[in-house]
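Engineer: To start, I am sharing the structure in question, which I have written as C-alpha cells.
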Ligand SMILES: [Zn+2]
Ligand SMILES: [Zn+2]
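Numbering (the working numbering), first residue to last: 3 to 143.
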C-alpha cells in the first residue's frame, strides 16, 4: 500500500466521521425505502380487497350509528371522500406540493392506514405527473 503520510490508525481516525455520516445516511435511506414499500403494500392490499373501508352511517330504522364496509373504489365516490379531498386541496392552495403546478390535481394518501377516517396529515395534494412518478418509482422528486 502507498504511504499517505498517515499511519493506518491516524487514517482510520480521520475517516471515522465520514464513515459515520455514510452509515447514518444509509439508515435514513433504508427507513425511507421501508416506509414507501409499506404504503405500496397497503395500496395493493386495498385495491385487491373488495370491502376494506369502514364508514359510519345512521341506521334509518333504529337511529343508531353503525359501520358499513365498502371498497376503496367505492370510497373514492363517496361524499365523505369528496369533502375531505376538497379540504386538502384548499389547505395546499390548489397546488401540487412538489412542483407547484395547479393542473390535474390529485389528493394522494401518504398512508392508507386510516382510510375512511383519515387524518389531514395522511393526505397531500399532487399533480397527476408527480403522483404517477410516486406510484411508479416510489419516490417524490
Ligand atoms: Zn397516491
Ligand atoms: Zn407536481
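Idealized CB from N, CA, C, for every residue including glycine. Keep in mind it's a predicted model, so treat the numbers as computed, not measured.
1. When the Cα atoms are used, what is the spatial distance from residue 133 to residue 101?
2. Could you check what DSSP says for residue 13 in three-state terms: helix, strand or coil?
3. Shorter than 6 Å, the distance from the beta carbon of residue 110 to the closest heavy atom of ligand 1, or not?
4. The alpha helix (DSSP H) that contains residue 93, what's its start and end?
5. Use the C-beta contact count for residue 126: other C-beta atoms within 10 angstroms, 16 or more gives buried, fewer gives exposed.
6. What do you get for residue 109, buried or exposed, if any count of 16 or more other CB atoms within 10 angstroms of its CB means buried?
7. Decide if residue 24 is buried, meaning its Cβ has at least 16 other Cβ atoms within 10 Å, or exposed.
Structural biologist: On the basis of the supplied data:
1. Residue numbering aside, residue 133 sits at position 131 when the chain shown is read from its first letter. Residue numbering aside, residue 101 sits at position 99 when the chain shown is read from its first letter. Each residue's alpha carbon lies about 11 Å from the other.
2. Numbered from its first residue, the chain shown carries residue 13 at position 11. If DSSP states are grouped into helix, strand and coil, residue 13 belongs with the helices.
3. One-based indexing of the chain shown puts residue 110 at position 108. Flag set: Cβ of residue 110 near ligand 1.
4. Taking the first residue of the chain shown as position 1, residue 93 is located at position 91. That run of the alpha helix (DSSP H) goes 81-93.
5. By 1-based counting over the chain shown, the position of residue 126 is 124. Result: buried.
6. Locating residue 109 in the chain shown gives position 107, counting from the first residue. So residue 109 counts as buried.
7. For the purposes of this step, residue 24 is taken as the residue at position 22 of the chain shown. That one is exposed.
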